[in-house]
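> Under the numbering used here, residue 176 is the last one in the sequence shown; the count climbs by one each step, no gaps.
Even glycine gets a Cβ: it sits at the ideal position worked out from N, Cα and C.
Predicted, not measured: the structure shown is a model, and the values here were computed from it.
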Amino acid sequence: MPTVDRLCETTEDDVEDNLENHDTFGTYPVTLVIEPAGNSVSVQAVYDHHIVPDCQMKRLLQQRSHIMKWVNRRDNARVGDIVGLCPQDQAQLQMWNSQRAPENIQRCVHDLFSELSRSQPDATAVRSWDGELFYSELEVLSNGFAVQLMEDGY
Numbered sequence: 023m024p025t026v027d028r029l030c031e032t033t034e035d036d037v038e039d040n041l042e043n044h045d046t047f048g049t050y051p052v053t054l055v056i057e058p059a060g061n062s063v064s065v066q067a068v069y070d071h072h073i074v075p076d077c078q079m080k081r082l083l084q085q086r087s088h089i090m091k092w093v094n095r096r097d098n099a100r101v102g103d104i105v106g107l108c109p110q111d112q113a114q115l116q117m118w119n120s121q122r123a124p125e126n127i128q129r130c131v132h133d134l135f136s137e138l139s140r141s142q143p144d145a146t147a148v149r150s151w152d153g154e155l156f157y158s159e160l161e162v163l164s165n166g167f168a169v170q171l172m173e174d175g176y
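#1: For residue 165 and residue 140, I'd like the C-alpha separation in whole angstroms.
#2: Could you pull out every residue in the same chain whose Cβ sits closer than 8 Å to the Cβ of residue 30, ignoring the five residues on either side in sequence?
#3: Can you give me the C-alpha to C-alpha distance between residue 75 and residue 154, rounded to a whole angstrom?
#4: Using DSSP with H/G/I as helix, E/B as strand and the rest coil, what is residue 82?
#5: State the DSSP-derived secondary structure class of residue 153, mapped to helix, strand or coil.
#6: So, with DSSP's three-state summary, where would you put residue 123?
#7: I need the straight-line Cα distance from residue 126 to residue 112, nearest angstrom please.
#8: Between the alpha carbons of residue 70 and residue 52, how many angstroms are there, rounded?
#9: Under the DSSP definition of a beta bridge, which residues are partnered with residue 64?
#10: For the alpha helix (DSSP H) that residue 95 lies in, which residues bound it at each end?
#11: Flag this pair as touching only if the stretch 130-150 and the stretch 107-122 have three or more C-beta atom pairs under 8 Å; answer yes or no.
#12: Can residue 84 and residue 116 be called in contact, C-beta distance under 8 Å?
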């Protein structure tokens with residue numbers, strides 16, 4: 023586990039080592055366990071992966087590591103001066119922004135859903151914690167909603 027002395031040298035492996043996934047969990051979905059170790063500290067994230075996905079927990083630890091490194095390198099640092107964008111997030115944003123934007127499609131969203139409901143009516147359109155909705159069901163509900171909006175003058 024990285025210590026305060028090593029925070030400036032935290033690697034991807036250090037972040038991976040700090041992830042402890044718990045299927046059975048207590049009160050909090052995320053707990054950072056920070057323990058003194060001589061004149062340094064160890065930091066471990068204990069979390070429920072059903073609530074916080076592994077990739078999000080990894081990003082959170084990278085962000086924490088970045089902020090600690092930033093503060094450790096500056097005397098008299100003020101909270102308002104912290105640069106919050108960590109190198110990994112900056113690289114991700116640069117990658118997204120370097121890609122060409124998709125071509126503009128001159129179609130309405132409701133037409134796309136109608137097409138999907140005809141081509142794959144039994145495919146899942148919406149999935150949530152309390153169930154799922156198939157494209158055929160979505161088509162019926164959205165058409166009913168559209169009719170109601172038109173009747174109400176929208």
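A quick look at the data gives this:
#1: For the purposes of this step, residue 165 is identified with residue 143 of the sequence shown, where counting begins at 1. For the purposes of this step, residue 140 is identified with residue 118 of the sequence shown, where counting begins at 1. One C-alpha to the other measures close to 14 Å.
#2: Locating residue 30 in the sequence shown gives position 8, counting from the first residue. In this prediction, residue 30 scores a pLDDT of 33, lower than 50, which makes its location untrustworthy; no coordinate-derived value is stated.
#3: To locate residue 75, count along the sequence shown from 1; it is residue 53. To locate residue 154, count along the sequence shown from 1; it is residue 132. Approximately 21 Å, taken between the alpha carbons.
#4: Along the sequence shown, read from residue 1 onward, the residue named residue 82 stands at position 60. DSSP places residue 82 in helix when its eight states are reduced to three.
#5: Residue mapping note: residue 153 aligns to position 131 of the sequence shown, counting from 1. Note: residue 153 maps to strand in three-state DSSP.
#6: Numbered from its first residue, the sequence shown carries residue 123 at position 101. Coil.
#7: Taking the first residue of the sequence shown as 1, we reach residue 126 at position 104. Taking the first residue of the sequence shown as 1, we reach residue 112 at position 90. So the two alpha carbons sit approximately 27 Å from each other.
#8: In the sequence shown, residue 70 corresponds to position 48, counting from 1. In the sequence shown, residue 52 corresponds to position 30, counting from 1. Their backbone Cα atoms lie some 7 Å apart in a straight line.
#9: Stepping through the sequence shown from its first residue, residue 64 is reached at position 42. DSSP output for residue 64 lists 57 as bridge partner(s).
#10: Position 73 of the sequence shown, counted from the start, is the residue given in the question as residue 95. Neither: residue 95 is in no alpha helix (DSSP H) and is coded neither H nor E.
#11: no
#12: Locating residue 84 in the sequence shown gives position 62, counting from the first residue. Locating residue 116 in the sequence shown gives position 94, counting from the first residue. No, the pair does not count as a contact, with Cβ atoms beyond the cut-off.
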